[in-house]
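One structure is given below, encoded as structure tokens.
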Amino acid sequence: MTKISTDISSLSLDVKTMKLDISKIKAAVKDTKKIRSTTMDFIATVPQLSKKYNYDIPFKTMVEFQTFNIHLLKKSDLKESVSIVLQSGLDPQMVISKSIISMLKMFLTKDVAIQCVAVRKLEDRVPIRDTPFLQCVTVVIKEHRLMANLETTDKDITSSLSTVLSNASQWHVPRKSLPENATKSTSPAQKSKVSKNTAASTASVQVVAIEPTAQKDK
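In structure tokens:
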């Protein structure tokens with residue numbers, strides 16, 4: 001009986017050990033799933049951001065942009081994702097104005113940008129310097145310029161933002177197309193006419209060039 005009791009106690013201990021091991025395995029699997037989920041949800045581009053949070057970026061209306069700023073105030077994960085995406089807009093030389101214009105173009109269309117000003121409120125324009133989005137822009141620029149040993153003040157950001165927005169009307173201006181007749185092929189008759197005119201012009205230039213020499217010899 002003593003042996004049976006000992007065997008039962010040993011078996012009970014083994015069962016407890018197995019349960020503990022199973023619990024550890026479950027915890028490890030759970031942690032692995034968390035890591036995998038975090039990796040899969042990592043946001044680094046505008047399309048990824050748009051897909052995850054159901055946005056149409058760049059924003060085409062001021063209402064969309066204002067709603068986005070409200071969401072930034074409430075969602076810390078969105079704010080973190082936006083800050084990561086903005087890093088791809090940093091100028092390689094860390095020029096503030098170039099970084100700002102690149103970042104704004106990632107999130108705003110020209111139609112929205114021309115409705116914005118830096119700080120001074122105008123009748124038909126909205127100041128965006130103190131919006132959550134611009135706060136993200138400011139933090140990203142300051143942090144990376146600091147790593148490059150470059151000092152950045154709030155005044156520097158505001159001044160550059162003002163310059164960028166004042167030129168927003170020039171965003172994405174298409175190149176002027178060539179006149180229609182400039183793209184058409186020239187006919188043989190036209191080529192001959194052009195050749196004759198060119199020859200005549202050359203001869204005229206030569207006469208003008210020689211004439212002063214002849215007068216000098218007299």
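Residue numbers (UniProt numbering): 1 to 218. Ideal Cβ placement from N, Cα and C applies to all residues, glycine included.
**Request:** Would you list the residues sitting across from residue 117 in a DSSP beta bridge?
**Result:** 127
**Prompt:** Can the beta-carbon of residue 113 be found closer than 7 angstroms to that of residue 162?
**Reply:** no
**Asked** With a cut-off of 8 angstroms, do at least 3 Cβ pairs link the segment 115-130 to the segment 78-88?
**Response** no
**Request:** Note down, in chain order, each residue of its chain lying with its Cβ closer than 7 angstroms to the Cβ of residue 98, except the 5 sequence neighbours on either side.
**Result:** 91
**Request:** From the DSSP output, in three-state form, read off residue 122 for me.
**Result:** strand
**Message:** With H, G and I counted as helix, E and B as strand and the rest as coil, what does DSSP make of residue 108?
**Reply:** strand
**Prompt:** In whole angstroms, what is the alpha-carbon distance linking residue 142 and residue 136?
**Reply:** 10 angstroms
**Request:** Run the CB neighbour count on residue 147, radius 10 Å, all protein chains shown included, and call it buried at 16 or more, exposed below.
**Result:** exposed
**Cβ-based neighbour list, residue 57, same chain, cut-off 7 angstroms, excluding 5 preceding and 5 following** = 46, 49, 50, 107
**Request:** For residue 231, count neighbouring Cβ atoms within 10 angstroms of its own Cβ and tell me buried if that reaches 16, exposed if not.
**Result:** A query on residue 231 cannot be resolved here, the shown segment of the chain reaching from 1 to 218 and no further.
**Message:** Using 7 angstroms as the threshold, is the C-beta distance between residue 78 and residue 103 below it?
**Reply:** no
**Request:** Report the option in 67, 159, 145, 134 whose CA atom is closest to the CA atom of residue 105.
**Result:** 134
**Message:** Going by beta-carbon coordinates alone, are residue 164 and residue 101 separated by less than 7 angstroms?
**Reply:** yes
**Prompt:** For residue 75, which option in 52, 89, 62, 138 has the closest C-alpha, if you only look at C-alpha atoms?
**Reply:** 52
**Request:** Sort out for me which residues DSSP pairs residue 59 with in a bridge.
**Result:** 108
**Prompt:** Around the C-beta of residue 157, are 16 or more other C-beta atoms found within 10 angstroms, so that it is buried, or is it exposed?
**Reply:** buried
**Asked** Beta carbon of residue 145, beta carbon of residue 94: below 7 angstroms?
**Response** yes
**Item:** Continuous alpha helix (DSSP H) stretch holding residue 138: start and end
**Value:** 132-147
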